[in-house]
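If you use numbering that gives the first Met the number 0, the sequence shown corresponds to residues 0 to 278, in order.
Note that CB positions come from ideal geometry on N, CA and C, so glycine has one too.
Read through the structure below, which is laid out as structure tokens, and then see the notes.
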Amino acid sequence: MNDKFLAIVNPAAGGGRSAKLAGAQLARLKAKGLRVDAIASMSPGHAVQLAREAYGQGYRRFLAVGGDGTAHEIINGIFSREGPTEHVELGFLPMGTGNSFLRDFTDKGVESSVEALLAGRKRRVDVLRMCHATGTLYSLNLLSVGFTADVGALANRRFKALGHLGYLLGVLVRVVQLRRRAFKLRCDDETSWDDRRCLFLTFNNSKYTGGTMMIAPSADPSSGYIEFVRWGPIGRLGLLKMLPRLYDGTHTQHPLSETRRVKQVQFALDESLLTSPWT
């Protein structure tokens, strides 16, 4: 087994910021004695392939140099293989747009990550798994459907280069296009299905999405539970009034908000749906 870190660098992360800064930060780590090999992803999805191949070559320590999307692809490359997965380590050099997952642990960005890597600090975290009609998806951060997924998809497709502002623009556009739908589901040992209309459902391993939006303030990435946040069918005006509270977590105090911890969620859907796996 290879005891080096494999740094998978996404040069496009952070609007190209990663391409400019990654080399110097990796050199800094090596100069301090950290053993690191590095490879760059060349296109969306490429890091999945790189991580899968690296695991097969004996790497068990990975370094995501980019944003949440880079870490998401690495995790899926590792866990989507056939057969059991051995213990793996994932470090971060946050150079992406959101860096939402890492915000649960620090708001100091790259400097804090470098310190942790050099000190060998690490902790066990959970991974979400979603099985669907065509395969399995893994996530460190969250899985969501409804408004939050619609916002994430739009922000990543149209406004990603604008960073946090792009996510806010995505929110405002989706408010105008507001849809409140039913996603038939049940949790754990429930026997009846919940088919109430809602604004969104999020299944969270960590607190933040979109960089600084605290969608699940009580989430704990090491608890062994999914923090399930549901918002009922709020209207446009009510949602606009509540938007600031999505950033400090107090939206969960709204009468239409429900939060609970679950282990498993089962869907019964008549059509395919858009999910947001990591924003």
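Query	Result
Ignoring anything shorter than 4 residues, give me the alpha helix (DSSP H) runs that lie fully in the segment 47-78, in order along the chain.	67-78
Identify the continuous beta strand (DSSP E) that holds Gly248 and give its terminal residues.	Unbroken run through Gly248: none, as it is neither H nor E.
For the segment 176-191 and the segment 158-168, state whether three or more C-beta atom pairs, one from each stretch, are separated by less than 8 Å.	no
Looking at C-alpha atoms only, which residue of Leu268, Ala215 and Pro220 is the closest neighbour of Thr251?	Ala215
Taking just the CA atoms, how far does Leu268 sit from Phe61?	36 Å
Can the beta-carbon of Leu92 be found less than 8 Å from the beta-carbon of Gln176?	no
Suppose you measure from the CA of Phe279 to the CA of Ser191; what does that come to, to the nearest Å?	This structure cannot settle anything about residue 279, because the visible part of the chain is limited to 0 through 278.
Identify every residue that forms a DSSP beta bridge with Ala37.	Ala6
Give the list of continuous beta strand (DSSP E) stretches no shorter than 3 residues that lie fully inside the segment 165-217.	184-186 and 199-203
Quick check on Gly119: does DSSP put it in helix, strand or coil?	coil
Can you list, in chain order, the residues of its chain with a C-beta nearer than 6 Å to that of Asp149? Leave out the 5 residues immediately preceding and following it.	Arg173
Could you name the residues that DSSP lists as bridge partners for Gly134?	His131
Looking at Ile73 and Ala305, is the spacing between their C-beta atoms short of 8 Å?	Nothing about residue 305 can be reported from this structure: the residues present for the chain run from 0 to 278 only.
Quick check: what's the CA-CA separation for Glu280 versus Arg195?	Because the chain is modelled from 0 through 278, residue 280 falls outside the range shown and cannot be assessed.
How would you write the range of the alpha helix (DSSP H) that Arg260 sits in, first residue to last?	Element bounds for Arg260: not the alpha helix (DSSP H) but the beta strand (DSSP E), Ser256 to Val261.
Just to confirm my understanding: we take Gly223, look at its own chain, exclude 5 residues before and 5 after, and list those with CB closer than 7 Å. What are they?	Asp125
What are the start and end residues of the alpha helix (DSSP H) that includes Val264?	Val264 -> not in any alpha helix (DSSP H); beta strand (DSSP E) instead, spanning Val264 to Phe266.
Any idea which residues DSSP pairs Glu88 with across the strands?	Arg60
How is Arg80 classed by DSSP in three states: helix, strand or coil?	coil
Output needed for Asn1: all residues of its chain with C-beta closer than 6 Å, excluding positions within five of it in sequence on either side, in chain order.	Gly57 and Tyr58
Could you check the C-alpha separation between Leu20 and Lys240 for me, to the nearest Å?	39 Å
Tell me, please, which residues DSSP counts as bridged to Phe284.	Absent from the model: residue 284. The displayed extent of the chain is 0 to 278, so no value can be given.
If the criterion is Cβ atoms closer than 8 Å, does the pair Phe227 and Arg179 meet it?	no
To the nearest angstrom, how far is the alpha carbon of Phe100 from that of Asp106?	11 Å
Where DSSP assigns a beta bridge to Pro93, which residues make up the other side?	Gly65
So for Asn1, helix, strand or coil by DSSP?	strand
Any contact between the segment 194-209 and the segment 136-152? By contact I mean 3 or more CB pairs, one from each, below 8 Å.	yes
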